[in-house]
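**Student:**
Number of protein chains: 2
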Amino acid sequence: MLERIPAYTDAMLDETGTLSDRVYRHLADRLIAGRFAPGDKLSLRAVSEALGLSIMPVREAVSRLAAEGALEVAPKKAVTVPLMRAAQFRDITQVRIEVEGFAAALACKAATSDSLAGIEAREREFRELSEQAQADLAQAVAANQAFHFAVYRAAGSAELLAIIERLWLRVGPIINLDLRENPERLRLGGAVQAHRACLAAIRENRPDAAREAIASDIGGASAFILSRQRLLD
Amino acid sequence: MLERIPAYTDAMLDETGTLSDRVYRHLADRLIAGRFAPGDKLSLRAVSEALGLSIMPVREAVSRLAAEGALEVAPKKAVTVPLMRAAQFRDITQVRIEVEGFAAALACKAATSDSLAGIEAREREFRELSEQAQADLAQAVAANQAFHFAVYRAAGSAELLAIIERLWLRVGPIINLDLRENPERLRLGGAVQAHRACLAAIRENRPDAAREAIASDIGGASAFILSRQRLLD
DNA sequence: TGCCGCAATCTGTGATCACAGTTAGCTTCC
DNA sequence: GGAAGCTAACTGTGATCACAGATTGCGGCA
Numbered sequence: 001m002l003e004r005i006p007a008y009t010d011a012m013l014d015e016t017g018t019l020s021d022r023v024y025r026h027l028a029d030r031l032i033a034g035r036f037a038p039g040d041k042l043s044l045r046a047v048s049e050a051l052g053l054s055i056m057p058v059r060e061a062v063s064r065l066a067a068e069g070a071l072e073v074a075p076k077k078a079v080t081v082p083l084m085r086a087a088q089f090r091d092i093t094q095v096r097i098e099v100e101g102f103a104a105a106l107a108c109k110a111a112t113s114d115s116l117a118g119i120e121a122r123e124r125e126f127r128e129l130s131e132q133a134q135a136d137l138a139q140a141v142a143a144n145q146a147f148h149f150a151v152y153r154a155a156g157s158a159e160l161l162a163i164i165e166r167l168w169l170r171v172g173p174i175i176n177l178d179l180r181e182n183p184e185r186l187r188l189g190g191a192v193q194a195h196r197a198c199l200a201a202i203r204e205n206r207p208d209a210a211r212e213a214i215a216s217d218i219g220g221a222s223a224f225i226l227s228r229q230r231l232l233d
Numbered sequence: 234m235l236e237r238i239p240a241y242t243d244a245m246l247d248e249t250g251t252l253s254d255r256v257y258r259h260l261a262d263r264l265i266a267g268r269f270a271p272g273d274k275l276s277l278r279a280v281s282e283a284l285g286l287s288i289m290p291v292r293e294a295v296s297r298l299a300a301e302g303a304l305e306v307a308p309k310k311a312v313t314v315p316l317m318r319a320a321q322f323r324d325i326t327q328v329r330i331e332v333e334g335f336a337a338a339l340a341c342k343a344a345t346s347d348s349l350a351g352i353e354a355r356e357r358e359f360r361e362l363s364e365q366a367q368a369d370l371a372q373a374v375a376a377n378q379a380f381h382f383a384v385y386r387a388a389g390s391a392e393l394l395a396i397i398e399r400l401w402l403r404v405g406p407i408i409n410l411d412l413r414e415n416p417e418r419l420r421l422g423g424a425v426q427a428h429r430a431c432l433a434a435i436r437e438n439r440p441d442a443a444r445e446a447i448a449s450d451i452g453g454a455s456a457f458i459l460s461r462q463r464l465l466d
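Read top to bottom, the protein sequences are chains A and B.
The working numbering applies: residue 1 is where the first sequence begins, and numbers increase by one.
The working numbering applies: residue 234 is where the second sequence begins, and numbers increase by one.
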């Protein structure tokens, strides 16, 4: 049974590409934004009905997401959002620190004035959101994502960006689950500080500092999530 | 029209998992091993007929490979093995150096006596093959791949391994095309030397040296390929 | 009242058909 | 002899149907 039907009831905004592509982007966006929780079950038929299509495009989209590890599909069983073990989360965190840190370092050299302005704007938005007394968590998650991807896009490497998107597809559900249950963490300001340091490093063209700032951002959030013991093992 | 039908005529060895999974592994293995050249066209129907199945499992497999960038599928046009521009190849090379270098560094700390023995065996096999007067190129490519993945597997990170496999899926066709047309490069021994240095670094637990060795191996091969100007742009 | 087992309903998988857009080869005309 | 245009065969896309295994909840038994 589809446990989160409401997530599907809104229409797909995107209207370009094949139906499969649209369903893929629809589901991928929701995964990255943390609209699904680990363990959630989907059904091809339920999704296709909610979207007003046959199950074919949904099958292809789910198949792609499964290939990327963003969904799990066991033969004859319901498609699920993967649960993650603590060891796996530590593994993915170490990879994120290396890869996203590298992207931040690249961004120092490759950033244009345009992309720098974009990074600055995203930094400000996230900072202002987390300074609010009653912060909108969903908005904060989106703003955090926007800042990180502004940096990674500034690195100018399509390959790197694709790898990072795949990583976020996997951690999206966990990060969001954490933030939803621990809103106070936003107010501690670890992320704000790391973002500020990253921005400064890019401005001043100090690749090692940028790498370090992203590493501390990712490491801090991961340590917090692991300390909460909500993961398996 | 299927241009390389012979590639499909042999049966699929693997008999576990769904048909889609088997077709996926079948095609992925062939891509990594360089059995396809950039620009090759496939047809869902031709592949499915050669494999004795309906087109459904092939569709899903191709769809997954397309999601990983290993195949390109434009609506209503034949599926193709992607052509790569020089800029794109440079980009992917820089990412490979960072990611595969990181894996080699990790392997220093994580290698067990078993995995080290495996790496040594693969190093020897590749060295002996490239010392032969009339080396079998296909075998040399396979041996090179075996050495690299022995190292990466020793790093003990499933996440990293998945990312690297995806990268090889993309560069497989290009690397092999290069080696097929320039057999003399094998005899120059750049790869053999890099492999030896990498093995020594892992033995002596020197992560930076291991990273450096892999970087020089990848960088050397890429520089050679780029100098040959067989890529677009 | 609690547990076991069966049956209805769910799941993804695979095959087949219809369709529209693309490609390529052949014919025809210059 | 060569080029332009048309047609026939090919392409992936999407829908629908059949099937076998998994799940779940209801009913009966202890």
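Positions of the beta carbon are idealized from the N, C-alpha and C atoms, including for glycine.
Remember, it's a predicted structure, so these values are computed and weren't measured experimentally.
(1) Apart from the five residues just before and just after L410 (chain B), which ones in its own chain have a Cβ nearer than 6 Å to its Cβ?
(2) Buried or exposed for T93 (chain A), going by 16 or more other Cβ atoms inside 10 Å?
(3) Is L231 (chain A) close to chain B? Criterion is C-beta to C-beta, closer than 8 Å.
(4) Which value, in whole angstroms, describes the spacing of the CA atoms of Y257 (chain B) and V23 (chain A)?
(5) What is the DSSP secondary structure of A337 (chain B), counted as helix, strand or coil?
(6) Measure the CB-CB distance between Y152 (chain A) and A121 (chain A) and report whether it falls below 8 Å.
(7) By DSSP's criteria, T326 (chain B) is part of a beta bridge. Which residues make up the other side?
(8) Under the three-state reduction of DSSP, which class applies to T16 (chain A): helix, strand or coil?
(9) From B:I458, B:R403, B:A424 and B:R461, pick the residue whose C-alpha is nearest to that of T313 (chain B); which is it?
(10) For S113 (chain A), which of A:Q229, A:G69 and A:N205 has the nearest alpha-carbon?
(11) Give the residues from the stretch 385-404 of chain B that approach chain A closer than 9 Å (Cβ to any Cβ), ordered along the chain.
(12) Only counting the same chain, and skipping five residues up and downstream in sequence, which positions put a Cβ closer than 7 Å to that of L231 (chain A)?
(13) Using CA coordinates, which residue listed in B:E248, B:I435, B:L370 and B:D324 is at the minimum distance from L349 (chain B)?
(14) Is the beta carbon of T249 (chain B) sitting closer than 8 Å to the one on P75 (chain A)?
(15) Strictly by DSSP, which residues pair up with T80 (chain A)?
(16) Give the DSSP-derived three-state secondary structure of L232 (chain A) in the structure shown.
(17) Determine the chain B residues that contact D91 (chain A) at a beta-carbon separation under 9 Å, and present them in chain order.
(18) Under the DSSP definition of a beta bridge, which residues are partnered with R85 (chain A)?
(19) For the stretch 63-85 of chain A, which residues have a beta carbon sitting closer than 9 Å to at least one beta carbon of chain B?
(20) Could you run through the stretch 199-233 of chain A and flag, in chain order, every residue whose CB is less than 7 Å away from some CB of chain B?
(21) Determine the extent of the alpha helix (DSSP H) in which E392 (chain B) is found, giving its start and end residues.
(22) Roughly how many angstroms separate the alpha carbons of F359 (chain B) and E333 (chain B), rounded to a whole number?
(23) Is any heavy atom in the ligand MN found nearer than 7 Å to the beta carbon of R297 (chain B)?
(24) Below 6 Å CB to CB, which residues in the same chain sit around A383 (chain B) once its five sequence neighbours on both sides are set aside?
(25) To which residues of the same chain is A61 (chain A) closer than 7 Å at the C-beta, ignoring the five residues directly before and after it?
(26) How many Å lie between P315 (chain B) and S227 (chain A) at the Cα?
**Tutor:** So, from the listed chains and residues:
(1) A270
(2) buried
(3) no
(4) Pairing Y257 (chain B) with V23 (chain A), the inter-Cα distance amounts to about 21 Å.
(5) helix
(6) In this structure, A121 (chain A) does not lie closer than 8 Å to Y152 (chain A) by Cβ.
(7) According to DSSP, T326 (chain B) bridges with nothing at all.
(8) Assigned with DSSP and collapsed to three states, T16 (chain A) falls in coil, not helix or strand.
(9) B:R403
(10) A:N205
(11) G389, S390, A391, E392, L393, A395, I396, R399, L400 and R403
(12) M84, R85, A86 and F89
(13) B:I435
(14) In this structure, P75 (chain A) does not lie closer than 8 Å to T249 (chain B) by Cβ.
(15) Paired residues: A:K41 and A:E72.
(16) In the structure shown, L232 (chain A) sits in a strand (DSSP, three-state: E or B).
(17) G389, S390, A391, E392 and L393
(18) A:L232
(19) S63, R64, L65, A66, A67, E68, G69 and P75
(20) Result list empty, no residue passes.
(21) A391 to E414
(22) 19 Å
(23) Ligands are entirely absent from the displayed structure, and the ligand MN is therefore not among its contents.
(24) G351, I352 and R355
(25) Result list for A61 (chain A): S20, V23, Y24 and L27, in chain order.
(26) 44 Å
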